[in-house]
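Some notes on the structure that comes next.
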Amino acid sequence: MAKAKRAALVRQEPGVLLHRISQLVTMSGEPGARRGREMCHIGLIEDAAVLIRDGKVAAVGKTAEVLRSPWVKEHRAEVIELDCRGKIVLPGFVDSHTHPVFVAPRLIDFEKRVAGASYEEIAAAGGGIRSSIEGVRKSSEGKLADHVFSALRQAQSQGTTTIEAKSGYGLDAASEIKSLKAIRRAAREWQGTVVATFLGAHVPPPEFKQEPDKYVEVVCTEILPEVAKQKLAHFVDVFCERGAFSLEQTERILREADRHGLGTRVHVGQLTNTPLATILAHHPLSVDHLDCLEKADVAALVAGETVATLLPGANYFLATKKYPPARKLIDAGVPVALATDYNPGTSPTISMPLVLSLACTQMRMRVEEALTAATINGAAALELSDRKGSVEVGKDADLAFFELDDYRELPYWFGGNHCAAVMTSGRFADLF
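Take -6 as the starting number for the sequence shown in this note's numbering and just add one per residue.
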């Protein structure tokens, strides 16, 4: 795809025709998250074409069918055509769980982990989440925004077009507001979609380590209302875990988020089991991690609409023997999404293709299930499945192009980057 042609796409007049696509993964189907066997239905079209007008998908089908359409016949002389032979095209990845607002990697924690220390041992010694607080508190909004923007660019270079971004390393009013403003600032510069999440309840900060209830009071009465007032976040998240926040504390924050009209999501079941029924009663869009589940938790998920977001990058980097029970969840009929959990401590990767590889090899997800989880189900977890996550008429033309012959190669070639181009709302992004 020549640069001159890419530049011409900015005009959007009167349309863009991608044709002779070797394989197009459309993810077409019913709106919302897919469950069970539906997760294997990826809407594959070979020798495919996509017509894009005004940033939206206007037609999808076999190349011959789209070329025969009346509109294309009438306007073909004016349409920008791109031959996509030798490429697979799919909806841009939706990375629905990231923590990009930090300053530096946690190299000391990494060395301790390599030497055999556990996640909880590192946290108890002052490492982990708390070790990132000082850097965020001392940094300017601009510096934080630069780091977030760098992460967004890296994500896009591997096929991500929509990303959720959490605060959570400031853990006081000024620093959490600053973090969310940094996300907003970076999002304005990035050619993609960013959904901001307030994670003030990540862990109690050092000054409240012995008084977590007092910190919950600060979150609920000071920080969260200000976040809502300034419209800095779409969601509120809580880390419900031993060493972070109890179930009762989590419920209080979820109620407060609901009172302010903000959606909710919860980190839960990463290290220890927490009964999910109580959390699911608050109707979070997503519950994330879920390494530790009981039968009753799976049944509760099946009965509801909440998406189970699995984060195998964290399990890999922590060198745990146990991964989330993806096979059990999918076979039971739970809608499953995949995300990177990009963060400086437990999952320093922004690569959705790597997550696909881990999902298939370590959690025994089928390739089709993993692709569904990384696109349309991730979009559903962010309340965006009406616009994102599939290549269907009327949706945003967010596409990822890979120099591969078969979609199954995406998780097969682990560790590399075969992304050749990314399009958001019908415009190619400058990846490098």
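The beta carbon of each residue, even a glycine, is placed where N, CA and C say it ideally should be.
Because the structure is a prediction, the values reported are computed rather than measured.
Drop a sphere of 10 angstroms on the beta-carbon of residue 263, count the other beta-carbons inside from all chains shown, and report buried for 16 or more, exposed for fewer.
Flag for residue 263 reads buried.
So, using beta-carbon positions, are residue 368 and residue 59 closer together than 8 angstroms?
In this structure, residue 59 does not lie closer than 8 angstroms to residue 368 by Cβ.
Roughly how many angstroms lie between the CA atoms of residue 35 and residue 118, to the nearest whole one?
Whole-angstrom Cα-Cα distance: 46 angstroms.
Looking at C-alpha atoms only, which residue of 289, 297, 32 is the closest neighbour of residue 278?
Nearest option by C-alpha distance: 297.
What residue range does the beta strand (DSSP E) around residue 230 cover?
Residues 228 to 233.
Just how far apart, CA to CA, sit residue 318 and residue 329?
When rounded, the distance between both Cα atoms is 11 angstroms.
Could you spell out the range, first to last residue, of the alpha helix (DSSP H) harbouring residue 366?
Where residue 366 is concerned, the enclosing alpha helix (DSSP H) stretches over 360 to 367.
Mind reading off the beta-carbon distance from residue 85 to residue 391? Whole number of angstroms is fine, and I expect it under 8 angstroms.
Between residue 391 and residue 85 the Cβ distance is about 4 angstroms, and since that is below 8 angstroms, they are a contact.
Residues in its own chain within less than 6 angstroms of residue 14 by CB, not counting five upstream and five downstream?
So the qualifying residues of the chain are 41, 77, 82.
DSSP on residue 115, reduced to helix/strand/coil?
Correct three-state label for residue 115: helix.
Sort out for me which residues DSSP pairs residue 84 with in a bridge.
Answer by DSSP bridge pairing, in chain order: 392.
Closest to residue 128 by CA distance: which of 113, 168, 24, 115 is it?
Selected option, being the one with the closest Cα: 168.
Reducing DSSP to helix, strand and coil, say where residue 320 ends up.
Looking at residue 320 - three-state DSSP - the assignment turns out to be helix.
Is the region 43 to 53 touching the region 86 to 105 in the sense that three or more CB pairs, one from each, lie closer than 8 angstroms?
Verdict: no, contact absent.
Could you pull the start and end residues of the alpha helix (DSSP H) that residue 211 belongs to?
It spans 205 to 211 - the alpha helix (DSSP H) in which residue 211 sits, taken as one unbroken run.
Could you compute how far the alpha carbon of residue 70 sits from the alpha carbon of residue 417?
Roughly 24 angstroms separates the two Cα atoms.
By Cβ distance, which residues of its chain are closer than 7 angstroms to residue 363, with the 5 residues on each side in sequence left out?
Counting only Cβ-Cβ distances below 7 angstroms, and skipping sequence neighbours, we find 331, 349, 352, 353, 404.
Note down, in chain order, each residue of its chain lying with its Cβ closer than 6 angstroms to the Cβ of residue 194, except the 5 sequence neighbours on either side.
Counting only Cβ-Cβ distances below 6 angstroms, and skipping sequence neighbours, we find 212, 231, 238, 246.
For residue 25, which residues of its own chain have a beta-carbon under 7 angstroms away from its beta-carbon, when the five flanking residues on both sides are left out?
Around residue 25: 373, 378.
Starting from the C-beta of residue 189, find all residues in its chain whose C-beta is less than 7 angstroms away, skip the five residues before and the five after it, and write them out in chain order.
158, 173, 176, 177, 225, 226, 227.
Would you list, in sequence order, the uninterrupted beta strand (DSSP E) runs of no fewer than 3 residues that lie entirely inside the region 264 to 314?
As far as the region 264 to 314 is concerned, its whole beta strand (DSSP E) runs of at least 3 residues are 279 to 282, 300 to 303.
Please classify residue 154 as buried or exposed, where buried requires at least 16 neighbouring CB atoms within 10 angstroms.
The residue is buried, with at least 16 neighbouring Cβ atoms inside 10 Å.
Kindly indicate which three-state DSSP category residue 151 falls into: helix, strand or coil?
Correct three-state label for residue 151: coil.
Let me know if residue 386 comes out buried or exposed under the rule of 16 or more other beta-carbons within 10 Å of its beta-carbon.
Exposed, by the Cβ-count rule.
Taking 8 angstroms as the threshold (C-beta atoms), are residue 197 and residue 126 in contact?
No, the pair does not count as a contact, with Cβ atoms beyond the cut-off.
Skipping 5 residues on each side, what residues in its chain have a beta carbon closer than 8 angstroms to that of residue 37?
Excluding residues within five positions, the ones whose Cβ falls inside 8 angstroms are 16, 17, 18, 19, 400.
When DSSP labels each residue in this structure, what does residue 161 get in the three-state scheme?
The answer is coil: DSSP assigns residue 161 none of H, G, I, E or B.
Assign residue 27 to buried or exposed, taking buried as 16 or more other Cβ atoms, counted over all protein chains shown, within 10 Å of its Cβ.
Classification for residue 27: buried.
Comparing C-alpha positions only, which one of 282, 355, 220 sits nearest to residue 252?
Of the listed residues, the one whose Cα sits closest to residue 252 is 220.
In the DSSP assignment, find the alpha helix (DSSP H) that holds residue 251 and state where it starts and stops.
Residue 251 -> alpha helix (DSSP H) spans 240 to 252.
Using a threshold of 8 angstroms, state whether the C-beta atoms of residue 179 and residue 138 are closer than that.
The answer is yes: Cβ separation under 8 angstroms.
For residue 422, which residues in the same chain have their Cβ closer than 6 angstroms to its Cβ, ignoring the five residues on either side in sequence?
Within the same chain, residue 422 has close Cβ partners 149, 184, 415.
Can you tell me whether residue 260 is buried or exposed, with buried defined as 16 or more other CB within 10 angstroms of its CB?
Under this definition residue 260 is a buried residue.
Could you tell me the distance, in whole angstroms, from the CA atom of residue 187 to the CA atom of residue 382?
Each residue's Cα considered, the two are about 14 angstroms apart.
By alpha-carbon positions, which one of 292, 93, 409, 45 ends up nearest to residue 321?
Nearest option by C-alpha distance: 292.
Can you check the region 34 to 62 for any beta strand (DSSP E) of at least 3 residues that lies completely inside it and give the ranges in chain order?
You should have 37 to 46, 49 to 55.
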